[in-house]
Amino acid sequence: MIYRHDWVMMQIQMMTQFVVLLMQGQHTSQNDELMERLRSLLARGAYGEAEDELFRMADPCNLPVLFTGLWFYRALAELSPKELKQGDFSQQEVLQGMEDFARLYGILIPEIGEEG
Numbered sequence: 002m003i004y005r006h007d008w009v010m011m012q013i014q015m016m017t018q019f020v021v022l023l024m025q026g027q028h029t030s031q032n033d034e035l036m037e038r039l040r041s042l043l044a045r046g047a048y049g050e051a052e053d054e055l056f057r058m059a060d061p062c063n064l065p066v067l068f069t070g071l072w073f074y075r076a077l078a079e080l081s082p083k084e085l086k087q088g089d090f091s092q093q094e095v096l097q098g099m100e101d102f103a104r105l106y107g108i109l110i111p112e113i114g115e116e117g
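Just so we're aligned: the sequence shown equals residues 2 to 117 in this note's numbering.
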């Protein structure tokens, strides 16, 4: 039996995989630097700090940052609840963060964070 949060996390992974395929090849050096900083912060378990950095760099006119943001939330979605908790984060924060980030780019995600 798949629990609701597991299903939601799978949806995040599938959606981000689709967008990543669409965005392939749209890299910039600034975006590459952002991705490296996020990778470093993720490796240290500094998920909140990484998310703050992502939002600081978010710009609706800069689509490569959208790509990086979706990669970031997919990476978070692949972590276990225990790993997220060790980094002072939760699955609900992953969902809310992705919704907020996507909204900056005009992408609306229908109520995936709500319990049904």
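Idealized CB from N, CA, C, for every residue including glycine.
Note to self: Could you tell me the alpha carbon to alpha carbon distance between residue 116 and residue 65, rounded to whole angstroms?
What the structure shows: Residue placement at residue 116 is poorly supported in this model, since its pLDDT is 47, which falls under 50; the coordinates are not used for a value here.
Check: Whose C-beta lies closer than 6 Å to the C-beta of residue 55 among residues of the same chain, with five residues either side of it excluded?
Finding: 70 and 73
Notebook entry, point to check: If you follow the alpha helix (DSSP H) that residue 50 is part of, which residue opens it and which one closes it?
Noted result: 48-58
Next item on the list: Using the Cα positions of residue 46 and residue 84, report the straight-line distance between them to the nearest angstrom.
Entry: 8 Å
Next item on the list: Return the CA-CA distance between residue 50 and residue 95, expressed in angstroms with no decimal places.
Entry: 13 Å
Check: DSSP three-state call for residue 69: helix, strand or coil?
Finding: helix
Margin query: Could you tell me the alpha carbon to alpha carbon distance between residue 32 and residue 101, rounded to whole angstroms?
Written below: 19 Å
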